[in-house]
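Encoded as structure tokens, the structure appears first; notes follow it.
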Ligand code: HEC
């Protein structure tokens with residue numbers, strides 16, 4: 184099958200985004216949980232609770248202290264949810280509220296809640 188030429192620029196930009204994601208992944212993974220804790224207490228604790236077990240006022244939130252559940256999620260999954268929220272649920276989008284660094288830091292902090 185021939186790919187129509189009009190599609191080439193789109194393919195090229197896709198490849199570019201993928202390359203950028205791959206390049207920046209190691210930086211993202213290095214979120215700072217200490218700084219993330221501050222972000223969490225200010226923005227997330229009200230719904231997700233101090234221990235992340237979801238006993239805050241926001242109603243039913245996932246349990247961040249549940250190791251089996253959390254190990255099934257990648258950091259990128261969590262970052263994605265924090266950035267875009269979950270439309271139709273109580274989970275707000277933080278992409279325009281928190282910097283990218285703060286979002287990675289808070290993901291790193293959430294990870295610490297599931298450690299024994
Ligand atoms: C207004 C209440 C509220 C606030 C504030 C809030 N969340 Fe949530 N969050 C929710 C709810 C409700 C869900 C469950 C969404 C669903 O049902 O899929 C959720 C889901 C999530 C998930 C998905 C977890 C999973 O296992 O799928 C992550 C990660 C998350 N929140 C992180 C955060 C972070 C980080 C903050 C602070 C920057 C935050 N949330 C602030 C209500 C909130």
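In the working numbering, the protein residues as written are 184 to 299. We put the beta carbon where it would ideally sit given N, CA and C, even for glycine. Note that the structure is predicted; figures quoted are calculated from it, not measured.
Where residue i sits in the DSSP three-state scheme
i	result
residue 247	coil
residue 296	helix
residue 277	coil
residue 229	helix
residue 138	Because the chain spans 184 through 299 in this model, residue 138 falls outside it and cannot be assessed.
residue 286	helix
residue 203	Here residue 203 scores only 47 on pLDDT, less than 50, and its place in the model should not be relied on; the value that follows carries that caveat. It is helical.
residue 261	helix
residue 269	coil
residue 254	helix
Beta-carbon spacing of residue i, residue j below 9 angstroms
i	j	result
residue 296	residue 235	yes
residue 258	residue 289	no
residue 269	residue 277	no
Any non-hydrogen atom of the ligand HEC closer than 8 angstroms to residue i Cβ
i	result
residue 260	yes
residue 231	yes
residue 217	no
residue 243	yes
residue 273	yes
residue 256	yes
Residue i burial status per 10 Å Cβ neighbour count (16 or more: buried)
i	result
residue 261	buried
residue 294	buried
residue 214	buried
Cβ shell of residue i (< 6 angstroms), same chain only, five flanking positions each side left out
i	result
residue 253	297
residue 223	289 and 292
Residues of its chain near residue i, where Cβ-Cβ distance is below 7 angstroms and the 5 sequence neighbours each way are ignored
i	result
residue 244	230, 231 and 237
Cβ neighbours of residue i in the same chain (closer than 8 angstroms, five flanking residues each side left out)
i	result
residue 264	274
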